[in-house]
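Numbering (the numbering used here), first residue to last: 7 to 212. Glycine included, each C-beta is placed from N, C-alpha and C at the ideal position. The model shown is predicted, which means the values in this text are computed figures rather than measured ones. Structure first, then comments.
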Amino acid sequence: MGRTVVSTTLAYTGGYIFLVLLAVCLATGLYYLAEMVEEYTRFAKKFLQNAIKITIGIHALLFFVDGLPFTACLVGGASQIAYSRLLKRYPFIEVQTVEFAASVAMLILTHVYWMRYFREERYSTEYAMGFFLCTTWLVPFGFFISLAANESVLPGSTSGIGGGPGAATGGIGGNGVYGPGSTGNSREKKRSNVVLQILDWGKMKW
Numbered sequence: 007m008g009r010t011v012v013s014t015t016l017a018y019t020g021g022y023i024f025l026v027l028l029a030v031c032l033a034t035g036l037y038y039l040a041e042m043v044e045e046y047t048r049f050a051k052k053f054l055q056n057a058i059k060i061t062i063g064i065h066a067l068l069f070f071v072d073g074l075p076f077t078a079c080l081v082g083g084a085s086q087i088a089y090s091r092l093l094k095r096y097p098f099i100e101v102q103t104v105e106f107a108a109s110v111a112m113l114i115l116t117h118v119y120w121m122r123y124f125r126e127e128r129y130s131t132e133y134a135m136g137f138f139l140c141t142t143w144l145v146p147f148g149f150f151i152s153l154a155a156n157e158s159v160l161p162g163s164t165s166g167i168g169g170g171p172g173a174a175t176g177g178i179g180g181n182g183v184y185g186p187g188s189t190g191n192s193r194e195k196k197r198s199n200v201v202l203q204i205l206d207w208g209k210m211k212w
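Encoded structure:
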């Protein structure tokens, strides 16, 4: 045992360094995605719409092809329908609305049913995490990143994707370009975003 002191120390040190680098890469990726959502809200909305439809289809396949529990598949599909209600005023997401509360409730309920299933079937952790990523986490993660666009897109700019009065006051015009007033305030708007504030705080701590 004494002969492996150096190698063991190196292994644990390298492991911790790897975790730190992984966390930094994850934070950087989240920051980049948040910036992209700000610039391309129309594409982000289309992505979420298609992701919801695909995930509903996946739950149908899980029941009819793989024979997974009906209740878990039903709750998983219903949660996607609840998420789709948040797209009505996208990219504006208000946490005080009934739609947001219903989405959070369905997200929790989906985790309860699927975790119960995986506890009974005793799948590996890697298997369960891959399953949750594709069926449960993808769409909520997209909405979490989309919180970055809540305060950076002005209501007068038609949710940041069309022409309108907001184009003349710093919003996004019909050609997808910010108006004259947006250049001087873009940094202040980004700093006011919930997601970017969290990521900026994490970057300062590191």
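Next on the checklist: Within 10 Å of its beta-carbon, does residue 67 have 16 or more other beta-carbons around it, so buried, or fewer, so exposed?
Outcome noted: Residue 67 comes out exposed.
Checklist entry - How should residue 87 be labelled, buried or exposed, when 16 other C-beta atoms within 10 angstroms of its C-beta is the threshold for buried? => result Residue 87 is exposed by the Cβ-count criterion.
Checklist entry - Considering residue 100, what are the terminal residues of the alpha helix (DSSP H) in which it resides? => result It is not in any alpha helix (DSSP H) - residue 100 carries neither H nor E in the DSSP assignment.
Next on the checklist: Between residue 105 and residue 91, how many whole angstroms is the CB-CB distance? I'm expecting something under 8 angstroms.
Outcome noted: The Cβ separation is near 4 angstroms, so the contact holds.
Checklist entry - For residue 151, which option in 120, 118, 40, 98 has the closest C-alpha, if you only look at C-alpha atoms? => result Cα-wise, what sits closest to residue 151 is 40.
Checklist entry - For the putative contact between residue 84 and residue 119, defined by C-beta atoms under 8 angstroms, what is the C-beta separation to the nearest angstrom? => result The Cβ separation is near 11 angstroms, so there is no contact.
Item to check | Reference residue 82; option with closest CA among 101, 18, 142, 43 | outcome: Residue 82 has its Cα closest to that of 142, out of 101, 18, 142, 43.
Checklist entry - Do residue 144 and residue 57 have their C-beta atoms closer together than 8 angstroms? => result Their beta carbons are under 8 angstroms apart, which means residue 144 touches residue 57 by this criterion.
Item to check | Spatial distance of residue 175 from residue 115 (CA atoms) | outcome: Any reading at residue 175 must be qualified, since the residue scores a pLDDT of 41, below 50, and its modelled position is unreliable; the value itself is stated next. Straight-line Cα distance between these residues: approximately 43 angstroms.
Item to check | residue 96 - DSSP class collapsed to helix/strand/coil | outcome: DSSP places residue 96 outside both helix and strand once states are collapsed to three, so it counts as coil.
Next on the checklist: Counting beta carbon pairs with one atom in the stretch 131-141 and one in the stretch 31-49, are three or more of them shorter than 8 angstroms?
Outcome noted: Contact between the stretch 31-49 and the stretch 131-141 is absent, because fewer than three Cβ pairs lie under 8 angstroms.
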